[in-house]
Ligand code: EPU
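In full-length UniProt numbering, the protein residues as written are 1 to 337.
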């Protein structure tokens, strides 16, 4: 265990705050010991996965536990399907690449998402027409109340858009240890409906894409507009795309005829990136924080020296101006600590 430990390398924003105590755990036993230590010493705990969806706004006066449980296992389910289980500390993109190398289908649209496998169910990670709920079978967690293992199946996770039980009533109650996915071994379901994928495949001259081709297209698209956290600190989309009532959308359409929207029954999902850009934030920098010049929904640590508070205040200014111009209240997607 380390004391007064900088968390800068452990959050993709690259914010420099200290944890009073820090420990990296590789097994369930080590994790249980760390949790018991925190209970005995009355310390709050902060679990760190890939650190790609958190904004640390101040020093953490407790025990930060970095989850580094590793390993991938597989089990044939039938001729066409395989159950693949990965431990929480596996890097998400490496896990996707591992599956694609084995020609297992289902994860290809989720290529290059930062973070680890263990945090993927928290917010039901999704991109380019796929969410993990589409292939998720279950996860094993540690219940922090009684330090016992427990499993959650698909239904019990209550997955929604960037949402799950782990962000709602289960918040702070469990640590996800491993996650299982049902993947295809053949007759893969190729998903290219998401506009940009088709365009990118055309660009690559591919007419009958494999799952590996879809992955390549997704990687190209992401690399073309999302900043690489290794180069510029960021946590992907900072806000969720808001859902508004159809009537409100119709009203807005009168005033802003080009407002994009994806209707779903009597609600419409509006791209937050568009709203933010319309308020003049795209590429704008205040101090060390900025809205990314190619994707307004992503806030970046522009100089590498931004504090968490600075990024948080920047996000508040964006929320205020979107609210003022469109009457829509943006919700942060990133966890604020
Ligand atoms: N747009 C703008 N200006 C911008 C950005 C976006 O006008 O600066 C508009 C465009 O009209 C565009 C639309 O927003 O057509 C949608 O943009 P994009 O396809 O880039 O997707 P997004 O809705 O901004 C969501 C996810 C991303 C995911 C992409 C692709 C959320 C909060 N974000 O972004 O997820 O990669 O779709 O599926 O749902 C993440 O969560 O960290 C993340 C990157």
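A virtual CB, placed ideally from N, CA and C, is assigned to each residue, including glycine.
Range of the contiguous alpha helix (DSSP H) that encloses residue 272: Locating residue 272 in the chain shown gives position 272, where the first residue counts as 1. Looking at the DSSP string, the run of the alpha helix (DSSP H) that includes residue 272 is 272 to 278.
For residue 38 and residue 62, believed in contact at Cβ under 8 Å, the rounded distance: Along the chain shown, one-based indexing puts residue 62 at 62. Along the chain shown, one-based indexing puts residue 38 at 38. About 7 Å; that satisfies the 8 Å criterion.
What does the Cβ neighbour count give for residue 245, buried or exposed, with the cut at 16 atoms within 10 Å? As a working note, residue 245 is residue 245 in the chain shown. Residue 245 should be labelled exposed.
To the nearest angstrom, how far is the alpha carbon of residue 105 from that of residue 210? Working through the chain shown from its first residue, we reach residue 105 at position 105. Working through the chain shown from its first residue, we reach residue 210 at position 210. So the alpha carbons of these two residues sit roughly 9 Å apart.
Proximity to residue 8 [Cα-Cα], best of 56, 113, 30 and 337: Here residue 8 is taken as the residue at index 8 of the chain shown, counted from 1. Closest by alpha carbon: 56.
Which residue from 20, 24, 49 and 48 puts its Cα closest to that of residue 42? To locate residue 42, count along the chain shown from 1; it is residue 42. Among 20, 24, 49 and 48, the Cα nearest to that of residue 42 is on 20.
For residue 245, name the three-state secondary structure that DSSP assigns. Counting from one through the chain shown, the residue named residue 245 turns up at place 245. DSSP places residue 245 in strand when its eight states are reduced to three.
Sorry if obvious, but does the Cβ on residue 236 come closer than 8 Å to a heavy atom of ligand 1? Residue 236 sits at position 236 when you count from the first residue of the chain shown. Yes, Cβ of residue 236 sits closer than 8 Å to a heavy atom of ligand 1.
First through last residue of the alpha helix (DSSP H) which encompasses residue 221: Working through the chain shown from its first residue, we reach residue 221 at position 221. Counting along the chain, the alpha helix (DSSP H) containing residue 221 begins and ends at 211 to 225.
Going residue by residue through the segment 139 to 224, where are the continuous beta strand (DSSP E) segments of at least 3 residues, counting only ones entirely within it? 148 to 153 and 174 to 184
Could you tell me whether any non-hydrogen atom of ligand 1 is closer than 8 Å to the CB of residue 241? Locating residue 241 in the chain shown gives position 241, where the first residue counts as 1. Yes.
Since residue 6 is in the beta strand (DSSP E), which residue starts that stretch and which ends it? Counting from one through the chain shown, the residue named residue 6 turns up at place 6. Here the beta strand (DSSP E) through residue 6 covers 2 to 6.
If we ignore side chains and look at the alpha-carbon of each, how far apart do residue 204 and residue 170 end up? On the chain shown, residue 204 is found 204 positions in, with the first residue counted as 1. On the chain shown, residue 170 is found 170 positions in, with the first residue counted as 1. If you take the alpha carbons of residue 204 and residue 170, they lie about 44 Å apart.
Rounded to whole angstroms, what's the CA-CA distance from residue 200 to residue 219? Just pull it up for me. Stepping through the chain shown from its first residue, residue 200 is reached at position 200. Stepping through the chain shown from its first residue, residue 219 is reached at position 219. Rounded to whole angstroms, residue 200 to residue 219 spans 10 Å at the Cα level.
Work out the CA separation of residue 35 and residue 275 for me, nearest whole Å. Mapped onto the chain shown, residue 275 falls at position 275. Mapped onto the chain shown, residue 35 falls at position 35. The alpha-carbon atoms of residue 275 and residue 35 are separated by roughly 42 Å.
Report the residue from 58, 121, 247 and 212 whose alpha carbon sits nearest the alpha carbon of residue 181. Counting from one through the chain shown, the residue named residue 181 turns up at place 181. Among 58, 121, 247 and 212, the Cα nearest to that of residue 181 is on 121.
In whole angstroms, what separates the C-alpha of residue 302 from that of residue 152? As a working mapping, residue 302 is identified with position 302 in the chain shown. As a working mapping, residue 152 is identified with position 152 in the chain shown. The straight-line gap from Cα to Cα measures roughly 39 Å.
In chain order, what residues of the same chain have a beta carbon less than 6 Å from the beta carbon of residue 282, not counting five sequence neighbours either side? Locating residue 282 in the chain shown gives position 282, where the first residue counts as 1. 291 and 296.
Heavy atom of ligand 1 within 8 Å of residue 92 beta-carbon: By 1-based counting over the chain shown, the position of residue 92 is 92. No, the beta carbon of residue 92 sits no closer than 8 Å to any heavy atom of ligand 1.
Euclidean distance between Cα positions of residue 185 and residue 207: In the chain shown, the residue the question calls residue 185 occupies position 185. In the chain shown, the residue the question calls residue 207 occupies position 207. Looking at the two C-alpha atoms, the distance is approximately 21 Å.
Hey, is the segment 125 to 141 in contact with the segment 98 to 116, meaning 3+ C-beta pairs nearer than 8 Å? yes
Of all the CB atoms in chain B, is at least one closer than 9 Å to the CB of residue 276? Given the protein chain composition of this structure (a single chain), no chain B is represented.
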